[in-house]
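Novice: The structure under discussion is supplied below as structure tokens; questions concerning it will follow.
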Amino acid sequence: MKTPWHTAWQGSDVVVFRDDTEVDRFTADQVERVIFVHRGTGETPGDLSFAVVELADEHIIFPADTGFAGRVHFERTAFWENKQCVFWVAESQAPLPSRLRRGLWLLRPGTPAYRRLPRAELAAVLERWPVTGPQTWEQRKWLRIERSRPFGSTTQPAALDAAAHRKRA
Numbered sequence: 002m003k004t005p006w007h008t009a010w011q012g013s014d015v016v017v018f019r020d021d022t023e024v025d026r027f028t029a030d031q032v033e034r035v036i037f038v039h040r041g042t043g044e045t046p047g048d049l050s051f052a053v054v055e056l057a058d059e060h061i062i063f064p065a066d067t068g069f070a071g072r073v074h075f076e077r078t079a080f081w082e083n084k085q086c087v088f089w090v091a092e093s094q095a096p097l098p099s100r101l102r103r104g105l106w107l108l109r110p111g112t113p114a115y116r117r118l119p120r121a122e123l124a125a126v127l128e129r130w131p132v133t134g135p136q137t138w139e140q141r142k143w144l145r146i147e148r149s150r151p152f153g154s155t156t157q158p159a160a161l162d163a164a165a166h167r168k169r170a
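Written out as structure tokens, the structure is:
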């Protein structure tokens with residue numbers, strides 16, 4: 002039987018609950034970087050595997066079932082957009098040490114459990130991940146829409162060049 006986890010905002014703090022009992026808390030302003038690890042293209046919230054939150058001295062691993070990517074990210078998108086600290090990486094390119102993963106499912110590495118680690122313990126691993134960003138989920142969605150349009154990649158720079166030209170004039 003799984004123990005229900007969830008995360009929530011309380012003022013400027015992110016609080017982690019297990020069975021409705023607070024087990025952890027940190028101030029969102031302490032966050033230096035958030036890395037969302039996703040399966041496939043990462044286009045839906047169900048594609049998210051886990052998140053790694055970097056604080057000054059620690060990393061916090063949030064499995065998808067904690068709701069960090071959902072409640073904490075989506076409820077305050079303006080906060081994350083201003084902070085410019087949300088990055089993305091495909092699960093296939095973001096290996097964690099085997100001791101941090103939970104079991105195997107059909108020969109696929111399991112997702113990590115919730116935990117805090119000293120920053121030095123995971124820093125070298127994260128440096129090898131080819132992250133993209135910074136971009137919030139909303140910015141990522143609009144970029145994907147723009148790329149899917151015919152000639153989408155060529156229309157935006159021309160519009161930006163025209164705007165820059167008008168500014169100079």
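So for the sequence shown, our numbering puts the first residue at 2; every next one is plus one.
In this text, a Cβ means the ideal position worked out from N, Cα and C, and glycines have one as well.
1. Can you tell me where the alpha helix (DSSP H) holding Q140 begins and where it ends?
2. Between V53 and R129, what straight-line distance do the alpha-carbon atoms span, to the nearest angstrom?
3. Would you mind reading off the limits of the alpha helix (DSSP H) that contains T78?
4. For E139, which residues of its own chain have a beta-carbon under 7 Å away from its beta-carbon, when the five flanking residues on both sides are left out?
5. Is it buried or exposed for I62, if we count other Cβ within 10 angstroms and need 16 for buried?
6. Let's test the definition: count the other Cβ atoms within 10 Å of the Cβ of W6 and tell me whether it reaches 16, buried, or not, exposed.
7. Given a threshold of 16 other Cβ atoms within 10 Å of its Cβ, counted over all protein chains shown, does S50 qualify as buried or as exposed?
8. Are the beta-carbon atoms belonging to T112 and A70 less than 8 Å from one another?
9. What is the DSSP secondary structure of L107, counted as helix, strand or coil?
10. Rounding to the nearest angstrom, what Cα-Cα distance links G47 and H39 in this structure?
11. Spell out the partners DSSP gives Q11 in its beta bridges.
12. When the distance is taken between beta carbons, is R72 closer than 8 Å to T8?
13. Does the count of Cβ pairs from the segment 14-22 and the segment 80-88 closer than 8 Å reach three?
14. By DSSP, does P113 sit in helix, in strand, or in coil?
Specialist: Let's see:
1. W138 to S149
2. 14 Å
3. T78 to K84
4. T78
5. Residue burial annotation: I62 is buried, with at least 16 other C-beta atoms found within 10 angstroms of its C-beta.
6. buried
7. buried
8. Their beta carbons are not under 8 Å apart, which means T112 does not touch A70 by this criterion.
9. For L107, the predicted model reports a pLDDT of 48, less than 50, meaning its position is unreliable; a value from the coordinates is still stated below. DSSP places L107 outside both helix and strand once states are collapsed to three, so it counts as coil.
10. 9 Å
11. D14
12. yes
13. Contact between the segment 14-22 and the segment 80-88 is absent, because fewer than three Cβ pairs lie under 8 Å.
14. strand
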